[in-house]
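Enquirer:
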Amino acid sequence: MRVVYSTDQRRVKSTIMQKFEEIESLIYRQKIAHKTWLGKIIRLGASPSQEACRLVWELLVAYGEFVDENRKARDDIYKTAYDLAEMLLHELDMDQIYAFYRDALLDAMIESHDTMDAQEYRRLLRFANLISTAFCEANSDALKKASLHDRVESMSHELRLAKRIQQHLLPKVIPTIPGFEFAGRLIPAEEIGGDYWSVKYKEKEGIVTLKLADITGHGVAAATLVAAVKFISGGYYQGAASAAEVMQKTNRVLTLETPHEILVTMVYGWLRPADYEIALVNAGHSPAFICSNNLCYDIPTTGPVLGVTEDATYSEEHYKLRKGDIIFFGSDGITEAGITEPFGITRLKETLTSNANLSADQIADKVVEAVTSFAKQPHDDISLLVVKVTGEPPEDT
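Here's what the structure looks like:
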């Protein structure tokens, strides 16, 4: 007997089938993300227990329900992350917990998606913030149970943790590109700030992404936000039409999902080494220069600092590079270093031009040496990125 469905019945059946397909797709991505995460941390030298693997799976499941203002899913994520950190604190230190059970997990979740829109990135950032908060509070609660001696020791540990988080986020390998040299430095001060730099070669597109960010605040909180900036800006590269688009989307997420008192200055660029051309976007950052023929020119601001205005727009500055040119990004810890007076922009430019004949690595060392000699013990991080053009650009046709 042939069953004939009414229009309403067909609509209900279609809705149910669509829901089943969405659930199957979600479970598939969760399984892929879990498998990818496990492979990543094993390669990093971790040996997760069955209980740790189970809790990570519960985090992925809770994330699947973490839409709109689902308070239960948010509470489940926090509690699961707290329980995970509480268990792991007996065998790992905090920098390992962040690296294995937050950073590696976020990487795996991004890789499990073919594409991610702005809404998904915002959801992922809220998820990361919840995990970070739970991990931090689990660690804090564990410290409260310690003796006065242990608490003093733990403060030193947190400082070391912030340093390790900061160092963990820096590039492990500097790309080798014919015609160009790259060098970066990060010298932590006693009070850890939120500095970050990056150089990555996107071989498929023939683009080197350059980035230096300076985030307000200090300690673990600042280091954690650095991680968020890294993941967001790095994730938005995929599918972006320009460096300005990456900056604009990064700003939107930071404005919506971070406290208003948190500000981020950043200079970001796409270098096309085959053409000896670079496009630069400057979100309220200084110092940032291009030096050529013994003169250093400021890279102008092309948009506001990140995290202030949701709908801010950013433009690009384009430069044609020549042999001997130097691109320099630095943190304000360089120009503001000093006891009775700041090191300043003028001294920095003089340091760059007087050492322009050296390699990128040597130039970076000369800047650090000049600042530390002038300021003795800088109170803020010193971070910098140097690009030296060593090759001849192709002849114009």
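Remember, the working numbering sits 808 above the position in the sequence shown when you count from 1. Backbone N, C-alpha and C define an ideal beta-carbon position, used for all residues, glycine too.
1. Leaving out the 5 sequence neighbours to the left and right, which residues in its chain are closer than 8 angstroms to ALA870 when beta-carbon positions are compared?
2. Starting from VAL1116, follow the beta strand (DSSP E) in both directions and report where the run begins and ends.
3. Does the distance from the CB of ILE905 to the CB of LEU914 come in under 9 angstroms?
4. What are the start and end residues of the beta strand (DSSP E) that includes ASP911?
5. Do you know how far the Cα of LYS1012 is from the Cα of ASP901?
6. Tell me whether the beta-carbon of LEU1213 lies closer than 9 angstroms to the beta-carbon of ILE939.
7. How big is the Cα-Cα spacing for PHE908 and ILE849?
8. To the nearest angstrom, how far is it from the Cα of SER1094 to the Cα of ASP1189?
9. Would you mind working out which of VAL1175, ASN1163, ASP1169 sits nearest SER1100, comparing C-alpha positions?
10. Going by the beta-carbon positions, is the gap between LEU1114 and ALA1091 smaller than 9 angstroms?
11. Taking just the CA atoms, how far does ASP1106 sit from MET1074?
12. Where does HIS1126 sit, in a helix, a strand or coil, going by DSSP?
13. Give the DSSP-derived three-state secondary structure of LEU1156 in the structure shown.
14. Within its chain, find whatever has a CB closer than 8 angstroms to the CB of PHE828; leave out the 5 residues flanking it on each side and keep chain order.
15. Which same chain residues end up closer than 7 angstroms to LYS980 when comparing Cβ atoms and leaving out the 5 residues on each side of it in sequence?
16. Is the Cβ-Cβ distance between ALA916 and THR844 less than 9 angstroms?
17. Of the residues VAL1175, THR1161, ILE1171, VAL1061, which one's Cα is nearest the Cα of PHE935?
18. Just the C-alpha distance for THR1117 and GLU1177, rounded to the nearest angstrom, thanks.
19. Is SER948 helix, strand or coil when you go by DSSP?
20. Whose C-beta lies closer than 7 angstroms to the C-beta of LEU863 among residues of the same chain, with five residues either side of it excluded?
21. In three-state DSSP terms, what is MET924?
22. The beta strand (DSSP E) spanning TYR1076 covers which residue range?
23. For ARG837, I'd like the list of residues in its chain whose CB is within less than 6 angstroms of its CB, leaving aside the five on either flank, ordered along the chain.
24. Which residues in the same chain as LEU1129 place their Cβ atom closer than 6 angstroms to its Cβ, once the five residues preceding and following it in sequence are excluded?
25. Count the other C-beta atoms from every protein chain shown that fall within 10 angstroms of the C-beta of LYS952, then say buried if there are 16 or more, exposed otherwise.
26. With burial defined as no fewer than 16 other Cβ atoms inside 10 Å of the residue's Cβ, what is the status of ILE831: buried or exposed?
27. My assumption, with CB atoms under 8 angstroms, is that LEU1020 sits in contact with PHE1137. Please give the rounded CB distance.
28. Just the C-alpha distance for VAL1054 and ALA1048, rounded to the nearest angstrom, thanks.
29. Would you say GLY1141 and PHE1182 are within 9 angstroms of each other, going by their C-beta atoms?
30. Near LYS1157, what residues of its chain come up, given a Cβ to Cβ distance below 8 angstroms and the 5 sequence neighbours on each side ignored?
31. Closest by CA to TYR1076, which one among SER857, THR1161, ALA1087, LYS1010?
32. Starting from ASN1090, follow its DSSP beta bridges and name the residues at the other end.
33. In chain order, what residues of the same chain lie with their CB nearer than 6 angstroms to the CB of TRP865, ignoring the 5 residues before and after it?
Expert: Let me lay it out:
1. Listed in chain order, the non-local C-beta contacts of ALA870 below 8 angstroms within the same chain comprise ALA881, ASP884, ILE885, THR888, local neighbours out to five positions each way being set aside.
2. No beta strand (DSSP E) holds VAL1116; DSSP gives it neither H nor E.
3. No, Cβ-Cβ distance for ILE905 and LEU914 is not below 9 angstroms.
4. It is not in any beta strand (DSSP E) - ASP911 carries neither H nor E in the DSSP assignment.
5. So the two alpha carbons sit approximately 37 angstroms from each other.
6. An answer regarding residue 1213 cannot be provided, because it is not within the stretch 809 to 1205 covered by the chain.
7. Approximately 6 angstroms, taken between the alpha carbons.
8. Between SER1094 and ASP1189, the C-alpha separation is close to 14 angstroms.
9. Selected option, being the one with the closest Cα: ASN1163.
10. Yes, the Cβ-Cβ distance between LEU1114 and ALA1091 is below 9 angstroms.
11. Each residue's alpha carbon lies about 14 angstroms from the other.
12. If DSSP states are grouped into helix, strand and coil, HIS1126 belongs with the strands.
13. Three-state result, LEU1156: helix.
14. With a pLDDT of only 44 at PHE828, under 50, the local geometry of the prediction cannot be trusted, and the value read off the model is given with reservation. Excluding sequence neighbours, PHE828 sits near nothing in its chain.
15. The beta carbon of LYS980 sits closer than 7 angstroms to no other beta carbon from its chain once the five residues preceding and following it are set aside.
16. It is a contact, given that the beta carbons lie within the stated cut-off.
17. The option with the nearest alpha carbon to PHE935 is VAL1061.
18. Approximately 37 angstroms between the Cα atoms of the pair.
19. Three-state result, SER948: helix.
20. Counting only Cβ-Cβ distances below 7 angstroms, and skipping sequence neighbours, we find THR888, ASP891, LEU892.
21. Three-state DSSP puts MET924 in coil, outside helix and strand.
22. Here the beta strand (DSSP E) through TYR1076 covers 1072-1080.
23. Closer than 6 angstroms at the Cβ level, and outside the excluded window around ARG837, lie SER920.
24. So the qualifying residues of the chain are TYR1084, VAL1197.
25. It is exposed - the Cβ of LYS952 has fewer than 16 other Cβ atoms within 10 Å.
26. With a pLDDT of only 48 at ILE831, under 50, the local geometry of the prediction cannot be trusted, and no value is derived from it.
27. In this structure, LEU1020 and PHE1137 form a Cβ contact; the two beta carbons are roughly 4 angstroms apart against a cut-off of 8 angstroms.
28. Roughly 6 angstroms separates the two Cα atoms.
29. Taking 9 angstroms as the Cβ cut-off, GLY1141 and PHE1182 do not qualify as a contacting pair.
30. Closer than 8 angstroms at the Cβ level, and outside the excluded window around LYS1157, lie PHE1097, CYS1099, CYS1104.
31. Checking every option, the nearest Cα to that of TYR1076 belongs to ALA1087.
32. According to the DSSP secondary-structure assignment, ASN1090 is paired through a beta bridge with VAL1075.
33. The answer, listed in chain order, is HIS842.
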